[in-house]
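Peer 1:
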Amino acid sequence: MADFEIVLTSAAPIPSSGYSQAIRAGDLVVTSGYLGTHPDGSGVVRGGFEAEVRRALENIGAVLAEAGCSYADVIRVNVSLTDISRFSEMDKIYCEYFKPPYPTRNTIGVKELWGGAQVGFDVWAVKPARVK
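FYI, the numbering for the sequence shown is 131 to 262, going by the working numbering.
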């Protein structure tokens with residue numbers, strides 16, 4: 131079995147079934163997928179597409195912080211959109227969170243997401259080395 135650590139924070143939705151918020155294996159941190167859902171598990175945020183994108187990215191940020199990382203440590207982002215024509219809207223908000231050099235990214239259109247959400251993200255990050 132691989133040597134890994136489960137990452138868990140109450141600042142993002144707590145897993146309610148068979149998954150972890152994130153796993154850290156050495157310096158690599160891989161998150162689960164996050165939607166624009168309230169951290170308390172009460173469903174998708176109100177306010178439309180922009181609110182969902184921001185909440186999903188805030189959920190990712192909370193998990194990254196718990197793992198000792200930030201958006202700047204992300205090397206890969208996967209994005210799922212229920213309406214691929216909203217790519218430009220998502221990208222504009224995304225660029226407020228991620229700065230050059232941007233991580234690699236894959237964006238796909240999907241039929242539907244849990245709870246009627248419109249967007250989902252998962253990321254891979256590399257935990258920065260500790261300064262001695």
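Every residue, glycine too, gets a C-beta built ideally from N, C-alpha and C.
Alpha carbons only, please: which of Asp133, Leu187, Pro145 and Leu194 is nearest the one belonging to Ala255?
Peer 2: One-based indexing of the sequence shown puts residue 255 at position 125. Residue Leu194 is the option with its Cα nearest to Ala255.
Peer 1: Here's the rule: buried if 16 or more other CB atoms are within 10 angstroms of the residue's CB, otherwise exposed. What is Tyr224?
Peer 2: The count along the sequence shown starts at 1 and reaches residue 224 at position 94. Buried: at least 16 other Cβ atoms inside 10 Å.
Peer 1: Can you list, in chain order, the residues of its chain whose CB lies under 6 Å from that of Gly245, leaving out five sequence neighbours each side?
Peer 2: Residue numbering aside, residue 245 sits at position 115 when the sequence shown is read from its first letter. Same-chain partners within the cutoff: Gly173 and Val174.
Peer 1: Would you call the region 144-151 and the region 203-215 in contact, with 3 or more CB pairs under 8 Å?
Peer 2: Contact fails: fewer than three Cβ-Cβ distances are below 8 Å.
Peer 1: Kindly indicate which residue of Ala152, Val137, Glu242 and Phe179 has the alpha-carbon position closest to the one of Met220.
Peer 2: For the purposes of this step, residue 220 is taken as the residue at position 90 of the sequence shown. Closest option to Met220, Cα to Cα, is Phe179.
Peer 1: Phe228 by DSSP, collapsed to three states: which one?
Peer 2: Translated into positions along the sequence shown, residue 228 becomes position 98. Phe228 falls in the coil class under three-state DSSP.
Peer 1: Per DSSP, Lys239 is paired with what?
Peer 2: In the sequence shown, residue 239 corresponds to position 109, counting from 1. Sequence check: residue 239 is Gly here, not Lys. According to DSSP, Gly239 bridges with Leu211.
Peer 1: Which class does Ala141 belong to by DSSP, given the choice of helix, strand or coil?
Peer 2: To locate residue 141, count along the sequence shown from 1; it is residue 11. Of the three classes helix, strand and coil, the one that applies to Ala141 here is coil, per DSSP.
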